[in-house]
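What follows is a single structure, written as structure tokens, with notes after it.
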Amino acid sequence: MLVQQNLLSKRQVDYITLLIFLLARHGKIDRARVLVDALIALGVRGEKTLVARIILKFLSADYQEALQELEDVEDGLLPRIASAKRNDLRRTLTYIRARCCCELDRRSEGERIARKLLAEQ
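Count along the sequence shown from 1, then add 18; that gives the number in this note's numbering.
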């Protein structure tokens, strides 16, 4: 990973990630996606970067792509995250999965996922 080679410090990656979420919050999805793509091009493939990419795809109405990214993250990254952090991230990703399913006219699947998520709380 290039971050480990000191091209970007952890603090710089955290700052860029914060900027990505602030841009998204203010509706600047395209600008936020440019930053995510830049981080990925630099080899920064940590949890924050990958989750940001999923959220931005969801906000851009790229629901099918967001679902594909979700599967990749859940299979590869999620098991390697500390358990306390993993539970919060899993809930967030499950919510996005439910919303994507509903947007893709798979409403019954989305509602089933949402009910399961609510039952866990």
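Yeah, the Cβ is synthetic: ideal placement off N, Cα and C, and Gly gets one too.
Every value quoted in this text rests on a predicted model; they were computed, and no experiment measured them.
Span of the alpha helix (DSSP H) around residue i
i, result
"ARG130", "125-138"
"SER101", "101-121"
"LYS66", "65-77"
"VAL54", "47-59"
"VAL31", "28-43"
"VAL91", "81-94"
Residues of its chain near residue i, where Cβ-Cβ distance is below 6 Å and the 5 sequence neighbours each way are ignored
i, result
"CYS119", "GLU127, GLY128"
"ALA84", "ILE72, LYS75, PHE76, CYS118"
"LEU20", "Since pLDDT at LEU20 reaches only 42, below the 50 mark, its modelled position is unreliable, and the value read off the structure follows with that caveat. Around LEU20: LEU60, GLY61."
"GLU121", "TYR81"
Per-residue burial, residue i [other beta carbons within 10 Å of its own, 16 or more giving buried]
i, result
"LEU57", "buried"
"ALA42", "buried"
"LYS66", "buried"
"ARG51", "buried"
"GLU89", "exposed"
"LEU68", "buried"
"GLU138", "exposed"
"ALA70", "buried"
"LEU25", "exposed"
Spatial neighbours of residue i in its chain, beta-carbon cut-off 8 Å, leaving aside the 5 residues before and after
i, result
"ILE13", "The structure shown does not extend to residue 13, since the chain is modelled only from 19 through 139, so no value can be given for it."
"ALA96", "The sequence as given places Leu at residue 96; Ala does not occur at that position. Excluding residues within five positions, the ones whose Cβ falls inside 8 Å are ARG104, LEU107, ARG108, LEU111."
"GLN31", "Looking at the sequence shown, residue 31 is not Gln but Val. Here the set comprises VAL21, LEU57, VAL62, GLY64, LYS66, THR67."
Sequence-distant residues of the same chain with beta carbon closer than 7 Å to residue i, five excluded per side
i, result
"GLU92", "LEU111"
"ILE47", "LEU74, LEU77, SER78"
- Item | Three or more C-beta pairs below 8 Å linking the stretch 61-77 and the stretch 30-50 | yes
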